[in-house]
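Chemist: So for the sequence shown, the numbering used here puts the first residue at 9; every next one is plus one. Glycine residues also receive a C-beta, built at the ideal position from the N, C-alpha and C atoms.
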Amino acid sequence: MKKTIVIFHAYYLPHLGGVEQYTKNIAQLLKKDYNVYIVASNEEGYPDYEELDGIHLIHLPIYNIFKARYPILKKNKKYKALLKKILDLDIDYVICNTRYFQTTLLGCEVAKQKNAELFLIDHSSSHIQVGNSILDFLGAKYEDHLTRKIKKYNPRFYGVAKRTNEWLKYFGINAEGVFYNAIDDGAYIEPNRDEKKIKVLFTGRIIAEKGIVNLLEAFNKVEKKYDNIELTVAGDGPILEELKSKYSSEKIHYLGKQPHDEIMKLCSESDIFVYPSMYPEGLPTSILEAGLMKCAVLATDRGGTKEVILNDDYGFIVEENAEDLADKLNLVISDKELREKMQNNIYDNVIHNFTWVHTVETIKEALKKH
9 MKKTIVIFHA YYLPHLGGVE QYTKNIAQLL KKDYNVYIVA SNEEGYPDYE ELDGIHLIHL
69 PIYNIFKARY PILKKNKKYK ALLKKILDLD IDYVICNTRY FQTTLLGCEV AKQKNAELFL
129 IDHSSSHIQV GNSILDFLGA KYEDHLTRKI KKYNPRFYGV AKRTNEWLKY FGINAEGVFY
189 NAIDDGAYIE PNRDEKKIKV LFTGRIIAEK GIVNLLEAFN KVEKKYDNIE LTVAGDGPIL
249 EELKSKYSSE KIHYLGKQPH DEIMKLCSES DIFVYPSMYP EGLPTSILEA GLMKCAVLAT
309 DRGGTKEVIL NDDYGFIVEE NAEDLADKLN LVISDKELRE KMQNNIYDNV IHNFTWVHTV
369 ETIKEALKKH
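Set out below in structure tokens:
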């Protein structure tokens with residue numbers, strides 16, 4: 009008889025984000041050996057309960073305020089009925105993704121009530137920041153407070169990168185291991201690049217913390233030197249329209265939100281992928297996917313990025329400013345031999361060390377011990 013795992017996270021697909029992809033991919037592989045339930049917020053009027061592709065989904069009601077960034081659980085009649093449905097399950101394991109959402113605290117309480125083994129997978133490398141010093145300060149205090157409450161449940165902590173585990177030490181937490189963020193190697197598409205052009209790609213949420221402004225400033229500096237370069241920006245967010253107006257150029261293409269298959273296709277057609285994040289990342293999925301598609305990657309030193317870009321033969325680590333990014337872009341654009349070396353090396357690293365099969369086998373080994 010299969011044991012049951014319940015995974016808690018603030019969001020689930022189609023909400024766009026790396027943690028949502030992480031949850032989906034581990035669930036897809038775990039369902040072969042376990043009954044898998046995912047509990048997430050109901051941000052867009054999804055069914056309260058549904059079964060999709062062998063995975064059970066439970067969507068909890070939330071308030072409209074802050075729902076896109078920090079869902080607040082609405083503990084009404086529907087919530088209580090769904091919580092009863094969860095507690096009626098024979099639960100063996102609870103897995104919480106990230107520390108700082110209310111769903112994590114709920115998952116901890118469910119594990120306690122059901123006497124289930126509790127795992128917490130952390131996806132960060134510093135306090136969450138939103139670009140406002142007062143809000144950042146208050147957010148850090150709240151995260152510290154919430155983490156203290158979570159620690160009382162004695163979860164088994166794992167990070168999605170070694171860098172994440174180093175960050176957890178700030179909270180007095182010694183992680184038990186790493187459940188790496190990863191990619192599906194079956195999603196590989198043979199590169200289909202236009203030899204006459206050099207295509208630069210950015211994918212992700214269009215928010216200031218993701219470094220998109222630095223990229224657009226850097227591209228403005230570089231594009232004047234080359235007739236054959238173009239930048240594609242795939243993603244949506246609150247500052248998209250402002251950026252489209254301010255950084256308008258025939259060499260810059262704003263595509264808006266794109267489905268995952270299209271993102272992978274864009275990677276396969278691009279020469280260079282830029283991830284200039286200033287966000288407290290865990291191990292960015294976008295970097296792994298770009299590496300799988302043999303893009304030369306330029307990224308800031310956030311989260312576990314240096315575990316993928318081992319040195320300058322694998323890509324460039326860039327400073328969090330437009331000047332350094334422009335300099336590094338110029339180097340990669342102008343040197344085809346360097347660009348191709350980066351593309352091949354990062355592909356080899358990703359395909360050998362960052363696949364979902366490898367990550368889920370590590371998770372299964374940890375589950376079997378308890």
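Quick check: I206 and I280, are their CB atoms within less than 8 Å of each other?
Modeler: Taking the first residue of the sequence shown as 1, we reach residue 206 at position 198. Taking the first residue of the sequence shown as 1, we reach residue 280 at position 272. A contact, by the Cβ cut-off of 8 Å.
Chemist: Can you check which of these residues, E238, G243, L65, is closest to K259 by C-alpha distance?
Modeler: Along the sequence shown, one-based indexing puts residue 259 at 251. If we check each option's Cα against that of K259, E238 comes out closest.
Chemist: Curious, which full-length beta strand (DSSP E) runs of at least 3 residues does the region 218–244 contain?
Modeler: 237–242, all fully within the region 218–244.
Chemist: State the DSSP-derived secondary structure class of F165, mapped to helix, strand or coil.
Modeler: Residue 165 sits at position 157 when you count from the first residue of the sequence shown. The answer is strand: DSSP assigns F165 an E or B state.
Chemist: So, with DSSP's three-state summary, where would you put A35?
Modeler: If you number the sequence shown from 1, residue 35 lands on position 27. DSSP places A35 in helix when its eight states are reduced to three.
Chemist: Could you name the residues of the same chain whose beta carbon sits closer than 7 Å to that of L21, not counting the 5 residues immediately before and after it, in chain order?
Modeler: In the sequence shown, counting from the first residue as 1, residue 21 sits at position 13. Within the same chain, L21 has close Cβ partners E28, K32.
Chemist: Does the separation of the CB atoms of T112 and V47 fall below 8 Å?
Modeler: As a first step, residue 112 must be located in the sequence shown, where it is residue number 104. As a first step, residue 47 must be located in the sequence shown, where it is residue number 39. The beta carbons of T112 and V47 sit no closer together than 8 Å.
Chemist: Based on the DSSP output, what are the partners of I103 in its beta bridges?
Modeler: For the purposes of this step, residue 103 is taken as residue 95 along the sequence shown, with counting starting at 1. I15, F127, per the DSSP bridge assignment.
Chemist: Under the assumption that K170 contacts G312 (Cβ atoms under 8 Å), give the Cβ distance between them as a whole number of angstroms.
Modeler: Looking up residue 170 in the sequence shown gives position 162. Looking up residue 312 in the sequence shown gives position 304. Contact flag correct, Cβ pair sits at about 6 Å.
Chemist: For K10 versus Y45, is the C-beta spacing smaller than 8 Å?
Modeler: Along the sequence shown, read from residue 1 onward, the residue named residue 10 stands at position 2. Along the sequence shown, read from residue 1 onward, the residue named residue 45 stands at position 37. Not in contact: K10 and Y45 (Cβ atoms no closer than 8 Å).
Chemist: Taking C-beta to C-beta, are G26 and N173 nearer than 8 Å?
Modeler: In the sequence shown, counting from the first residue as 1, residue 26 sits at position 18. In the sequence shown, counting from the first residue as 1, residue 173 sits at position 165. No. Outside cutoff.
Chemist: Assuming contact is defined by CB atoms lying nearer than 8 Å, are L337 and A216 in contact in what I supplied?
Modeler: Taking the first residue of the sequence shown as 1, we reach residue 337 at position 329. Taking the first residue of the sequence shown as 1, we reach residue 216 at position 208. In this structure, A216 does not lie closer than 8 Å to L337 by Cβ.
Chemist: For my contact list, V326 and I317 are in at a C-beta cut-off of 8 Å; report their separation, rounded to the angstrom.
Modeler: As a working note, residue 326 is residue 318 in the sequence shown. As a working note, residue 317 is residue 309 in the sequence shown. Contact flag wrong, Cβ pair sits at about 10 Å.
Chemist: Determine the closest residue to Y234 out of L90, L251, K204, with distance taken between C-alpha atoms.
Modeler: Your numbering for residue 234 matches position 226 in the sequence shown. Y234 has its Cα closest to that of K204, out of L90, L251, K204.
Chemist: Go to I46, then tell me how far its beta strand (DSSP E) extends in each direction, as first and last residue.
Modeler: Sequence index remark: in the sequence shown, residue 46 carries index 38 (1-based). Element bounds for I46: 42–49.
Chemist: Give the range of the beta strand (DSSP E) segment to which F281 is assigned.
Modeler: One-based indexing of the sequence shown puts residue 281 at position 273. Element bounds for F281: 280–283.
Chemist: Within a Cβ cutoff of 6 Å, which residues of the same chain sit near I99, ignoring the five residues on either side of it in sequence?
Modeler: For the purposes of this step, residue 99 is identified with residue 91 of the sequence shown, where counting begins at 1. Contacts found: T12, V14, K122, A124.
Chemist: Using DSSP with H/G/I as helix, E/B as strand and the rest coil, what is G115?
Modeler: Numbered from its first residue, the sequence shown carries residue 115 at position 107. Helix.
Chemist: Rounded to the nearest angstrom, how far is the Cβ of I220 from that of L300, given a contact under 8 Å?
Modeler: Residue numbering aside, residue 220 sits at position 212 when the sequence shown is read from its first letter. Residue numbering aside, residue 300 sits at position 292 when the sequence shown is read from its first letter. 22 Å between Cβ atoms; not a contact.
Chemist: Beta carbon of G245, beta carbon of R213: below 8 Å?
Modeler: Locating residue 245 in the sequence shown gives position 237, counting from the first residue. Locating residue 213 in the sequence shown gives position 205, counting from the first residue. Their beta carbons are under 8 Å apart, which means G245 touches R213 by this criterion.
Chemist: Take R310 and list the residues in its own chain whose beta-carbon comes closer than 6 Å to its own, dropping the five residues that flank it on each side.
Modeler: One-based indexing of the sequence shown puts residue 310 at position 302. Closer than 6 Å at the Cβ level, and outside the excluded window around R310, lie S285, E289.
Chemist: Out of curiosity, what's the CA-to-CA distance linking I247 and S253?
Modeler: As a working note, residue 247 is residue 239 in the sequence shown. As a working note, residue 253 is residue 245 in the sequence shown. Roughly 10 Å separates the two Cα atoms.
Chemist: Leaving out the 5 sequence neighbours to the left and right, which residues in its chain are closer than 7 Å to F187 when beta-carbon positions are compared?
Modeler: Position 179 of the sequence shown holds residue 187. The answer, listed in chain order, is I129, Y166, V168, T367, T370, I371.
Chemist: Between E151 and Y108, which are expected to be in contact by the criterion C-beta below 8 Å, what is the C-beta distance as a whole number of angstroms?
Modeler: On the sequence shown, position 143 is the one that residue 151 refers to. On the sequence shown, position 100 is the one that residue 108 refers to. For a cut-off of 8 Å, the C-beta gap from E151 to Y108 is around 5 Å, short enough to register as a contact.
Chemist: Could you spell out where the alpha helix (DSSP H) holding V340 opens and where it closes?
Modeler: Counted from its first residue, the sequence shown places residue 340 at position 332. Counted as a single uninterrupted DSSP element, the alpha helix (DSSP H) harbouring V340 occupies residues 330–342.
Chemist: Under the assumption that Y54 contacts H67 (Cβ atoms under 8 Å), give the Cβ distance between them as a whole number of angstroms.
Modeler: Position 46 of the sequence shown, counted from the first residue, corresponds to residue 54. Position 59 of the sequence shown, counted from the first residue, corresponds to residue 67. Correct: roughly 5 Å between the Cβ atoms.
Chemist: L209 by DSSP, collapsed to three states: which one?
Modeler: To locate residue 209, count along the sequence shown from 1; it is residue 201. L209: strand per DSSP, three-state reduction.
Chemist: With a threshold of 16 other CB atoms inside 10 Å of the CB of L143, please say whether the residue is buried or exposed.
Modeler: Working through the sequence shown from its first residue, we reach residue 143 at position 135. It counts as exposed.
Chemist: Which full runs of the beta strand (DSSP E) of 3+ residues lie inside the region 249–295, going along the chain?
Modeler: For secondary structure counted as the beta strand (DSSP E) over 3 or more consecutive residues, the region 249–295 holds these complete runs in sequence order: 260–264, 280–283.
Chemist: Under 8 Å by Cβ, that's how I've got N236 and Y255 pegged, so tell me the actual separation to the nearest angstrom.
Modeler: In the sequence shown, counting from the first residue as 1, residue 236 sits at position 228. In the sequence shown, counting from the first residue as 1, residue 255 sits at position 247. Going by Cβ atoms, the distance from N236 to Y255 rounds to 19 Å, so no, they are not a contact pair.
Chemist: Would you report the Cα separation of G323 and F210, rounded to the nearest angstrom?
Modeler: Counting from one through the sequence shown, the residue named residue 323 turns up at place 315. Counting from one through the sequence shown, the residue named residue 210 turns up at place 202. Distance between the alpha carbons of G323 and F210 is about 15 Å.
Chemist: When DSSP builds the beta bridges, which residues end up paired with L81?
Modeler: The sequence position of residue 81 within the sequence shown is 73, counting from 1. According to DSSP, which records beta bridges pairwise, L81 is partnered with I70.
Chemist: T172 lies in the alpha helix (DSSP H); which residues open and close that run?
Modeler: The sequence position of residue 172 within the sequence shown is 164, counting from 1. Where T172 is concerned, the enclosing alpha helix (DSSP H) stretches over 170–176.
Chemist: Just reading off the alpha helix (DSSP H) that Y150 is part of, what are its end residues?
Modeler: The residue you call residue 150 lines up with position 142 of the sequence shown. Looking at the DSSP string, the run of the alpha helix (DSSP H) that includes Y150 is 141–159.
Chemist: Give me the residue from Y287, G180, D332 with the minimum Cα distance to G139.
Modeler: Numbered from 1 along the sequence shown, position 131 holds the residue referred to as residue 139. For the residues Y287, G180, D332, the minimum Cα distance to G139 belongs to Y287.
Chemist: What does DSSP give as the partner residues of I63 in its beta bridges?
Modeler: For this step, residue 63 is matched to residue 55 along the sequence shown. For I63, which the question treats as bridged, DSSP gives the partners L60.
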